[in-house]
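So in this note's numbering, spot 85 of the sequence shown is number 873, and the numbers just go up one at a time.
Ideal placement from N, C-alpha and C gives every residue a C-beta, glycine not left out.
Everything on this sheet refers to the single structure shown next.
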Amino acid sequence: MNKKIVFIVVLTECILAVLLISFFGQAIVNANNNILCREIYFTYEDGEKIEDGKRLSIEIDDENSSYKLYYKMLPAKTTNREVRFVSSDERVIVDETGVVTFFVRVSSVTITVYTQDGSNLSDSIVLTLI
Numbered sequence: 789m790n791k792k793i794v795f796i797v798v799l800t801e802c803i804l805a806v807l808l809i810s811f812f813g814q815a816i817v818n819a820n821n822n823i824l825c826r827e828i829y830f831t832y833e834d835g836e837k838i839e840d841g842k843r844l845s846i847e848i849d850d851e852n853s854s855y856k857l858y859y860k861m862l863p864a865k866t867t868n869r870e871v872r873f874v875s876s877d878e879r880v881i882v883d884e885t886g887v888v889t890f891f892v893r894v895s896s897v898t899i900t901v902y903t904q905d906g907s908n909l910s911d912s913i914v915l916t917l918i
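Below, the structure is given as structure tokens:
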């Protein structure tokens with residue numbers, strides 16, 4: 789009889805703990821007590837999220853061969869906010885601040901941003917030149 793009561797109490801506490809953590813949105817913390825990124829995505833300059841799968845059309849000419857990309861990491865309290873950008877075309881580079889530089893005119897290029905905090909998150913966007 790006592791084992792059943794102990795089991796029920798422990799089970800109830802576990803369920804309650806899971807519900808409380810999910811309700812209050814406990815931040816993901818790694819072994820070094822760093823808050824990890826839970827979401828990363830590209831935004832327009834005004835901060836509005838660019839939906840997944842959306843192509844961004846940009847106008848590039850000889851006088852303006854670069855374009856600034858913006859992104860957001862959530863939660864805002866993410867400890868390590870460093871990211872790495874990767875271009876699908878080696879003739880198009882992206883620096884650590886998100887500035888894309890086109891050395892030749894390409895029809896489109898995929899740019900991916902990766903978190904560097906150990907959360908292994910990323911987001912990609914296709915830039916189409918017009």
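Beta-ladder partner(s) of residue i, from DSSP
i	result
S875	I899
E827	L862
L844	L915
V880	F890
S907	Bridge partners of S907: none, in fact.
For residue i, the three-state DSSP class (helix, strand or coil)
i	result
L862	strand
V794	helix
T916	strand
T800	helix
V806	helix
Y855	strand
Own chain partners of residue i with C-beta closer than 8 Å, once the 5 adjacent residues on each side are dropped
i	result
M861	C825, E827, I828, R869, V871 and T903
S896	R843, V914, L915, T916 and L917
Cβ-based neighbour list, residue i, same chain, cut-off 7 Å, excluding 5 preceding and 5 following
i	result
R879	F891, V892 and V894
G886	K856, L857, Y858, Y859 and F873
N908	none
Residue i burial status per 10 Å Cβ neighbour count (16 or more: buried)
i	result
T866	buried
T888	Per the sequence shown, the amino acid found at residue 888 is Val instead of Thr. So V888 counts as buried.
V798	exposed
V806	exposed
F830	buried
D905	buried
Close Cβ partners of residue i (< 6 Å) along its chain, the five nearest in sequence each way excluded
i	result
I918	S845 and E847
Pair within 7 Å by beta-carbon distance, residue i and residue j
i	j	result
S910	T898	no
R843	V914	yes
V882	S875	yes
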